[in-house]
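Undergrad: The structure is given below, and queries will be raised subsequently.
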Amino acid sequence: MSYMLGGNSPFLIAKTDGSIFRYSTAHSEEEMIELYEEENLIWQLFIVDESFKDLQKMSSLRKTLGWSMHELNERRKQDNRLVNNGSYKKLLSIQQVLQENNIQTEIRVSKAYEALLKIDKSA
């Protein structure tokens, strides 16, 4: 990962740019990492099948994700396959619900965060 815990202190230091993220002592290490991922939109969930061409899957997407008909139509027209972004744990739970509805998805590191990692490695 591209962050480290500062001892048992309630903060994270991002290896990419040295930013310090402070959290309450009420949070466990795992919760701190999840909060960091959510705040920095580290992960993205994408649809990887042809769900926009299947009416039943489109209906499942709309119901499962709470999308309006307008939003679903716009995403379909633009072939926007990004479902959500944030923490891995959150996206994993969304992914499981979508898989139950036969919608194939993939969780990826966001392009912006990936670019930061490449800059960090070249330094």
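Here the sequence shown is numbered in the numbering used here, starting from 2 and rising by one per residue. Backbone N, C-alpha and C define an ideal beta-carbon position, used for all residues, glycine too. Model, not experiment: these values are computed from the prediction.
Tell me, please, whether the region 10-28 touches the region 83-93 by the rule of three or more beta-carbon pairs shorter than 8 angstroms.
TA: no
Undergrad: Per DSSP, Asn86 forms a beta bridge with which residues?
TA: Gln45
Undergrad: With which residues is Arg23 paired in a DSSP beta bridge?
TA: Phe12
Undergrad: Among residues of its own chain, excluding the 5 on either side of Met59, which ones have a beta-carbon nearer than 8 angstroms to its beta-carbon?
TA: Ser52, Phe53, Leu73, Arg77
Undergrad: Terminal residues of the continuous beta strand (DSSP E) containing Ile108?
TA: Run containing Ile108: 106-110, per the beta strand (DSSP E) assignment.
Undergrad: Helix or strand or just coil, what does DSSP make of Ser61?
TA: helix
Undergrad: Using the beta-carbon count (16 or more within 10 Å), is Gln97 buried or exposed?
TA: exposed
Undergrad: Buried or exposed, going by whether 16 or more other CB atoms sit within 10 Å of the CB of Leu62?
TA: buried
Undergrad: Going by CA-CA distance only, name the one from Ser111, Asp80, Lys64, Leu13 that's closest to Leu92.
TA: Ser111
Undergrad: Measure the beta-carbon distance from Ala99 to Thr106 and round it to whole angstroms, keeping in mind my assumption that it falls under 8 angstroms.
TA: For the record, residue 99 in the displayed sequence is Leu; it is not Ala. At roughly 5 angstroms, the Cβ-Cβ gap stays under 8 angstroms, so Leu99 and Thr106 are in contact.
Undergrad: Applying the criterion that 16 or more other CB atoms from any shown protein chain within 10 Å of the CB defines a buried residue, is Met33 buried or exposed?
TA: buried
Undergrad: Taking the straight line between their C-alpha atoms, what separation do you get for Ala113 and Ile48?
TA: 19 angstroms
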